[in-house]
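The structure appears below as structure tokens.
Number of protein chains: 2
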Amino acid sequence: MSELLANHIAGRWQTGSGSGTALFDPVLGTELVRVDAGGIDLPAAFQRIRSEGGAALRALTYAQRAAMLAAAVKVLQAHRDTYYEIATANSGTVKNDSAIDIDGGIYTLSTYAKLGEGLGAQRALLDGEPSRLGKDPLFQSQHVRVPRRGLALFINAFNFPGWGLWEKAAPALLSGVPVIVKPGTPTAWLTQRMVKDIIDAGVLPACALSVICGSSAGLLDALEPFDVLSFTGSADTAAVIRTHAAVAKRSVRANIEADSLNSAILLPGEGPGSEAFDLFVKEVAREMTQKSGQKCTAVRRVLIPENQYDAVAEALRARLSKVTVGNPRNESVRMGSLVSRAQFDSVRSGLQALASQTETLHDGAAQALVDADPQVACCIGPTLLGTRRADEAHLVHDTEVFGPVATLVPYRNSAHAIELARRGLGSLVTSIYGSDPAALGAAALELADSHGRVHVVSPDVGASHSGHGNVMPQSVHGGPGRAGGGEELGGLRALDFYHQRTAIQASTSVLSSFTL
Amino acid sequence: MSELLANHIAGRWQTGSGSGTALFDPVLGTELVRVDAGGIDLPAAFQRIRSEGGAALRALTYAQRAAMLAAAVKVLQAHRDTYYEIATANSGTVKNDSAIDIDGGIYTLSTYAKLGEGLGAQRALLDGEPSRLGKDPLFQSQHVRVPRRGLALFINAFNFPGWGLWEKAAPALLSGVPVIVKPGTPTAWLTQRMVKDIIDAGVLPACALSVICGSSAGLLDALEPFDVLSFTGSADTAAVIRTHAAVAKRSVRANIEADSLNSAILLPGEGPGSEAFDLFVKEVAREMTQKSGQKCTAVRRVLIPENQYDAVAEALRARLSKVTVGNPRNESVRMGSLVSRAQFDSVRSGLQALASQTETLHDGAAQALVDADPQVACCIGPTLLGTRRADEAHLVHDTEVFGPVATLVPYRNSAHAIELARRGLGSLVTSIYGSDPAALGAAALELADSHGRVHVVSPDVGASHSGHGNVMPQSVHGGPGRAGGGEELGGLRALDFYHQRTAIQASTSVLSSFTL
Chain D
-13 MSELLANHIA GRWQTGSGSG TALFDPVLGT ELVRVDAGGI DLPAAFQRIR
37 SEGGAALRAL TYAQRAAMLA AAVKVLQAHR DTYYEIATAN SGTVKNDSAI
87 DIDGGIYTLS TYAKLGEGLG AQRALLDGEP SRLGKDPLFQ SQHVRVPRRG
137 LALFINAFNF PGWGLWEKAA PALLSGVPVI VKPGTPTAWL TQRMVKDIID
187 AGVLPACALS VICGSSAGLL DALEPFDVLS FTGSADTAAV IRTHAAVAKR
237 SVRANIEADS LNSAILLPGE GPGSEAFDLF VKEVAREMTQ KSGQKCTAVR
287 RVLIPENQYD AVAEALRARL SKVTVGNPRN ESVRMGSLVS RAQFDSVRSG
337 LQALASQTET LHDGAAQALV DADPQVACCI GPTLLGTRRA DEAHLVHDTE
387 VFGPVATLVP YRNSAHAIEL ARRGLGSLVT SIYGSDPAAL GAAALELADS
437 HGRVHVVSPD VGASHSGHGN VMPQSVHGGP GRAGGGEELG GLRALDFYHQ
487 RTAIQASTSV LSSFTL
Chain V
-13 MSELLANHIA GRWQTGSGSG TALFDPVLGT ELVRVDAGGI DLPAAFQRIR
37 SEGGAALRAL TYAQRAAMLA AAVKVLQAHR DTYYEIATAN SGTVKNDSAI
87 DIDGGIYTLS TYAKLGEGLG AQRALLDGEP SRLGKDPLFQ SQHVRVPRRG
137 LALFINAFNF PGWGLWEKAA PALLSGVPVI VKPGTPTAWL TQRMVKDIID
187 AGVLPACALS VICGSSAGLL DALEPFDVLS FTGSADTAAV IRTHAAVAKR
237 SVRANIEADS LNSAILLPGE GPGSEAFDLF VKEVAREMTQ KSGQKCTAVR
287 RVLIPENQYD AVAEALRARL SKVTVGNPRN ESVRMGSLVS RAQFDSVRSG
337 LQALASQTET LHDGAAQALV DADPQVACCI GPTLLGTRRA DEAHLVHDTE
387 VFGPVATLVP YRNSAHAIEL ARRGLGSLVT SIYGSDPAAL GAAALELADS
437 HGRVHVVSPD VGASHSGHGN VMPQSVHGGP GRAGGGEELG GLRALDFYHQ
487 RTAIQASTSV LSSFTL
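Protein sequence lines correspond, in order, to chains D and V.
With my numbering as the guide, the letters of the first sequence map in order to residues -13 to 502.
With my numbering as the guide, the letters of the second sequence map in order to residues -13 to 502.
Structural data, given as structure tokens:
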């Protein structure tokens, strides 16, 4: 049997009491490690994390916590090679795709280390200016933000075991809130290893960072009113979390990032040969294939002017047909596999569902694999679908196929394009492509209410833009409605979730006595 | 039969199809009016409100919407006398208590009219500065806030039919989001009348403001992903709302204000004769009796140094025994009735529950009523309870008796006082009383994480402070944990709930093209 990974909980290593769930290499089919979370006294551990981890972190200033994050960055950088090995084996990703998760996570952590340094030697934050409450200028209201005195539980998704940990843990730890991460089981190994390296290096106070791998049973039951919960995953699981007593009755603050039918929009007036057209095709193809389309932010709906349907289909087909798929250890391979057999089956059944309302413009299912056994490897080539009936094809707007799959959706005019983007009922991101700054700006503002992020690509930033699906720590990540209504990152905005905002109404002599 | 109040929904008046629920005078026991919400096609009405009301409001600038709120203030001021009559009859409140609801509501509305004017001639808000996303300064991220394109549903509490409407509607309308209010049934009349006056005056666009009185059946079913929901009421109903598919599955943004065991803390070193002691006793007595203790923010737990137990009991008894209770139409009466027989019964059973862990220091149940029939009137005198076992008396920290009831809770030292305040598991407000600015400031920061507001009373602001329970529009209102985890008001902070924050990543040429 393979190694049973230990959990690190409330300052000590503890191996699960069960035989464990196996994690596999999705390309070779071999068992890698096992995880198990049985036998942990969760309420006692959580209580210790709140009291010891919380107190230790809150005793530090923001600048001290930022220095701690910077030290964690160094530890992770020293172990990068190991992380790439684990990613190749457990996520089946090629090096460039592993980088998004591993180096993207380290970059996010280092961004918060820098932001935190700027907050300096204080332990609480002022929020706005004092404001008078009446005629007497002596009595005023001053809002402050103070760290929540609970813990932060992260229930994470399988597609970003590295970045998903750090994009949440960096702002939490910087805020002075101890973290427990429960990684998505199929790829939990990388999360566990990163936590292990940080713990072994001793850069964090005891009980500041815990990892529990395996089942999430009992985790929510142990949450108390001052805790926070951040979840990334399916809308179905999100509904289970929201209806759990921890959230419904105990008011645990919850941030949800769920399904998203992201779109990319080629504005009218751009055709083959125009720079915007080429940038659009390049970006859509990249989004479809990066991490085999297993990104919450990946383009699912490709919105194009009706008269460009054939031209875009042709241009994408040309790009997609060059994408080699298979064993990520083979240097000629550009796209690796899906993370698991379950995901492979899910993509296949999603494609079947969409088949009733779409035509297949480029079929990846039939693609020959490089250096991989199609009976074993969870690989599938990029698949482009299309519909000529944008309004009627409701499955296209409702069904997230979490793999290298997107659908061409033609629109009649700009207003129709925006209406179709909104058919996603709230998405993480949309991107728009064009060459007229005013038209791009107007479209971006029109799309803002139904998206957490609008990514605009014009020729002047064709080489330097950060990518449709790439989540930058400077920008908020999350979206309304179907996307879960959550908000992460956005620079220092991320700290809000881990702080309580409180109005202190007092005499100016009291307000000026504050030692933050 | 009494008048059946009409609902105003999606631009037209519509009387419920049922026979209705009667609203009563809680002092005289007479039937006043009836409400009914049967027979309304809610999904169709909600859709019309979203499309027509939303579009009309969003077409206006913030300054124009602010002018609209200012016009609404004038309408309400012109009808103040009627509102006071309705409050006396339906809420059983004395004039000073009616004022908190009526003039408090108008003041809050006028505050947002002024704040909105300052936002000027724009229709969306910038959020922070642009920030670079890479080495190329040409590509940046700019966060914006744009109005949500859904509607705002308010499910309100019976204790503030006036203020409860406007403290929510003012920021919503200013944000460009149309409002539907479902007032608490026992006192729905005042809400309905205020809406009626505003509609009749024509100061708002069609479909901008709707009122539905009676049952809330079907309201949540009609909510869609871009809508928002704000609820004030019991923790039990809050849990029902949070587990409803609208919130759990469709990610409707929800703000909850629920139960709260607010405290008032007399700091150590203050005894009879000190200014802080006197201010403390005065404020606690006021909080217990104002609106017969039917305020979410009222003091429920009176935290005092152990050695002041008898002195505080004596001083409060002296004040409470002077409070005349009965028919609010009699000018000698200082405290009117509870709003309904149901609330009267609830207070009685709450007192019974607390009796097992407290002693009665001042018994209001036996108090003779002025000008009111004790068999009919829902009046109860202020009741002070006490416990000598602060830690063991868990009911005192868990049971909110929504009437003129508070419990003396002795503490050993400052740390113990703060620990006891936290036993409320998250409260709307705590107030602290003392004379040392540094000690008050330190205590305020310590209490901040478990409260939405900390109200500090020192002798220099003894005459000018805004009151423990008085919710000022400048300060956030809401609290973590048991208090529901919500946040309202706080000046322009309240607009956040009605806006979507979105990162727009684009070339500086696109960002500078924005017409907000």
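Virtual Cβ for every residue (Gly too), placed ideally from N, Cα, C.
Selection from the options that minimises the alpha carbon distance to residue i
i: Lys100/V; options: Asn142/V, Ala52/V, Val214/V, Ala174/V; result: Ala52/V
i: Glu345/V; options: Arg327/V, Arg315/V, Pro423/V, Val382/V; result: Val382/V
i: Arg134/V; options: Pro157/V, Gly162/V, Asp122/V, Phe146/V; result: Gly162/V
i: Val362/V; options: Asn313/V, Asp422/V, Gly91/V, His230/V; result: Asn313/V
i: Ala31/D; options: Ser5/D, Gln0/D, Gln50/D, Leu55/D; result: Gln0/D
i: Gly410/V; options: Phe263/V, Thr74/V, Pro466/V, Leu306/V; result: Pro466/V
i: Gln353/V; options: Ile404/V, Pro390/V, Pro123/V, His380/V; result: Pro390/V
i: Ile185/V; options: Gly(-3)/V, Ser499/V, Lys235/V; result: Gly(-3)/V
i: Ala64/V; options: Ala304/V, Gly200/V, Ser37/V, Ile92/V; result: Ile92/V
i: Asn293/V; options: Val80/V, Gly257/V, Arg239/V, Ser117/V; result: Gly257/V
i: Thr310/V; options: Leu302/V, Ala301/V, Arg320/V; result: Arg320/V
i: Asn76/D; options: Phe146/D, Asp357/D, Glu115/D, Met54/D; result: Phe146/D
i: Leu253/D; options: Ala57/D, Ala428/D, Val181/D, Gly4/D; result: Ala428/D
i: Leu394/D; options: Ser421/D, Ala232/D, Ala304/D, Gly372/D; result: Gly372/D
i: Val298/V; options: Ser278/V, Arg118/V, Phe263/V; result: Phe263/V
i: His454/V; options: Leu119/D, Ile26/D, Ser307/D, Asp357/D; result: Leu119/D
i: Cys199/V; options: Phe217/V, Trp175/V, Leu190/V; result: Trp175/V
i: Gln33/V; options: Ile(-5)/V, Tyr70/V, Arg44/V; result: Ile(-5)/V
Whole-angstrom C-beta distance between residue j and residue i, which should lie under 8 Å
i: Arg522/V; j: Ser246/V; result: Examination of residue 522/V is not possible in this model, given that chain V is present from -13 through 502 alone.
i: Ala110/D; j: Leu502/D; result: 5 Å
i: Ala155/D; j: Leu195/D; result: 7 Å
i: Arg236/D; j: Val214/D; result: With 8 Å as the limit, Arg236/D and Val214/D do not qualify as a contact, their Cβ atoms being about 12 Å apart.
i: Cys364/D; j: Ser417/D; result: Contact flag wrong, Cβ pair sits at about 28 Å.
i: Gly526/V; j: Leu406/V; result: The structure shown does not extend to residue 526/V, since chain V spans only -13 to 502, so no value can be given for it.
i: Ala8/D; j: Glu17/D; result: 5 Å
i: Asp183/D; j: Val61/D; result: 5 Å
i: Val447/V; j: His129/D; result: That belief does not hold up - the Cβ atoms of Val447/V and His129/D are roughly 18 Å apart, past 8 Å.
i: His230/D; j: Leu302/D; result: The Cβ separation is near 42 Å, so there is no contact.
Residue i classed as buried or exposed, judged by whether at least 16 other C-beta atoms fall within 10 angstroms
i: Arg375/D; result: exposed
i: Gly106/V; result: exposed
i: Ser335/D; result: exposed
i: Met180/D; result: buried
i: His380/D; result: exposed
i: Glu115/D; result: exposed
i: Asp83/V; result: buried
i: Met54/V; result: buried
i: Lys168/D; result: buried
i: Asp222/V; result: exposed
i: Met(-13)/D; result: exposed
Endpoints, the beta strand (DSSP E) within which residue i is located
i: Pro133/V; result: 125 to 133
i: Pro169/V; result: First-last for Pro169/V: undefined, no H or E at that position.
i: His485/D; result: 485 to 493
i: Val442/D; result: 437 to 443
i: Leu347/D; result: 345 to 348
i: Gly372/V; result: 369 to 372
Span of the alpha helix (DSSP H) around residue i
i: Arg34/V; result: 28 to 34
i: Asp87/D; result: 81 to 103
i: Asp222/V; result: 221 to 229
i: Gly427/D; result: 423 to 434
Give me the subset of the region 16 to 50 of chain D whose CB atoms are less than 9 Å from a CB atom of chain V, sorted by chain position. none
Members of the region 450 to 461 of chain D near chain V, C-beta cut-off 8 Å: So the list reads Ser450, His451, Ser452, Met458, Gln460, Ser461, given in the order they occur along the chain.
Selection of the region 107 to 129 of chain D by Cβ proximity to chain V, strictly under 7 Å: Within the region 107 to 129 of chain D, the residues whose Cβ lies closer than 7 Å to some Cβ of chain V are Ala110, Ser117, Leu119, Gly120, Asp122, Leu124, Phe125, Ser127, His129, listed in chain order.
What residues in the region 197 to 216 of chain D have a beta carbon less than 9 Å from any beta carbon of chain V? Glu210, Pro211, Phe212
For the region 433 to 444 of chain D, which residues have a beta carbon sitting closer than 9 Å to at least one beta carbon of chain V? Leu433, Ala434, Asp435, Ser436, His437, Gly438, Arg439, Val440, His441, Val442, Val443, Ser444
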